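Trainee: Next up is a structure, given as structure tokens.
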Amino acid sequence: LSISYNDDKVKLSWTGVTNNNSTQFGDFGYDLYFNDGIEEKYLGFTVKTSYEYETKEPYGKYIVKSSYKNNKTVQSSGISKTFNAPNNEDLEISLIGNSTIKLNLNEPYIEDGLNILYKKELITKAKTVTTIKFNEETVKDIKTDIAGSYVIEYKVTYKTREKTITRNIIIN
Numbered sequence: 085l086s087i088s089y090n091d092d093k094v095k096l097s098w099t100g101v102t103n104n105n106s107t108q109f110g111d112f113g114y115d116l117y118f119n120d121g122i123e124e125k126y127l128g129f130t131v132k133t134s135y136e137y138e139t140k141e142p143y144g145k146y147i148v149k150s151s152y153k154n155n156k157t158v159q160s161s162g163i164s165k166t167f168n169a170p171n172n173e174d175l176e177i178s179l180i181g182n183s184t185i186k187l188n189l190n191e192p193y194i195e196d197g198l199n200i201l202y203k204k205e206l207i208t209k210a211k212t213v214t215t216i217k218f219n220e221e222t223v224k225d226i227k228t229d230i231a232g233s234y235v236i237e238y239k240v241t242y243k244t245r246e247k248t249i250t251r252n253i254i255i256n
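Counting from 85, one number per residue, gives the positions in the sequence shown under our numbering.
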């Protein structure tokens, strides 16, 4: 499966399979799908070994499945390929509050969270994996009754982009 993108058009091409049996299921060909990392959508059906469609958001996973036009239950597992963005510049993450927070023993820690922007718009559906380490050992939560240092790492994934940012919590 090969993928190219030019002038807001994605072109997919692949090596076809042979099936000379026309049946009540209709023409034999290929179903095409696209997954942007949030949802999978059906692009269309073709009997050719190439397919084009217009989009301004081409980055994600493309899937081609051999199938019959009138019966989607008879379908191969398909082939897929991910078309990655050239960089992560359109995904921005920033901490709400300070990157280093100093607390006294037993003072509560309140998580301020992140701002996540995609193409300058606020995003609320990004996948965020949070890892907390206390004195370099992974823990489940922040306990302020013991002096030490925590590092919170936020790994944000949206569409095919990924960025990481950290916050330090120092308890004295």
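Even glycine gets a Cβ: it sits at the ideal position worked out from N, Cα and C.
Being a predicted model, the structure only gives us computed values, none of them experimental.
1. Between ASP225 and GLU124, what straight-line distance do the alpha-carbon atoms span, to the nearest angstrom?
2. For the stretch 206-225 and the stretch 145-153, state whether three or more C-beta atom pairs, one from each stretch, are separated by less than 8 Å.
3. Would you be able to state if there are at least three C-beta pairs under 8 Å between the stretch 237-248 and the stretch 192-210?
4. Quick one, are the C-beta atoms of ILE185 and ASN256 less than 9 Å apart?
5. Beta carbon of TRP98, beta carbon of TYR117: below 9 Å?
6. Mark TYR89 as exposed unless 16 or more other C-beta atoms lie within 10 angstroms of its C-beta, in which case mark it buried.
7. Just the C-alpha distance for ILE180 and PHE112, rounded to the nearest angstrom, thanks.
8. Please report the distance separating the alpha-carbon of LEU127 from that of PHE109.
9. Distance, Cα to Cα, LEU175 vs ASP120?
10. Can you tell which of SER160, VAL213, ASP91 has the C-alpha that lies nearest to the C-alpha of GLY100?
11. How would you write the range of the beta strand (DSSP E) that GLY232 sits in, first residue to last?
12. Give the C-beta separation of THR266 and LEU187 to the nearest angstrom, bearing in mind that I take them to be a contact with Cβ-Cβ under 8 Å.
13. Are the CB atoms of LYS156 and LEU85 within a distance shorter than 9 Å?
14. Give the single residue among ASP91, ILE254, ILE87, VAL94 whose Cα lies nearest to the Cα of SER183.
15. Under 8 Å by Cβ, that's how I've got GLU136 and LYS203 pegged, so tell me the actual separation to the nearest angstrom.
16. What first and last residue would you give for the beta strand (DSSP E) that runs through TYR114?
Mentor: Quick look at the numbers:
1. 34 Å
2. no
3. yes
4. no
5. no
6. exposed
7. 53 Å
8. 19 Å
9. 14 Å
10. SER160
11. 232-242
12. The first residue shown for the chain is 85 and the last is 256, placing residue 266 beyond what the model contains.
13. no
14. ILE254
15. That pair is no contact at about 24 Å.
16. 112-119
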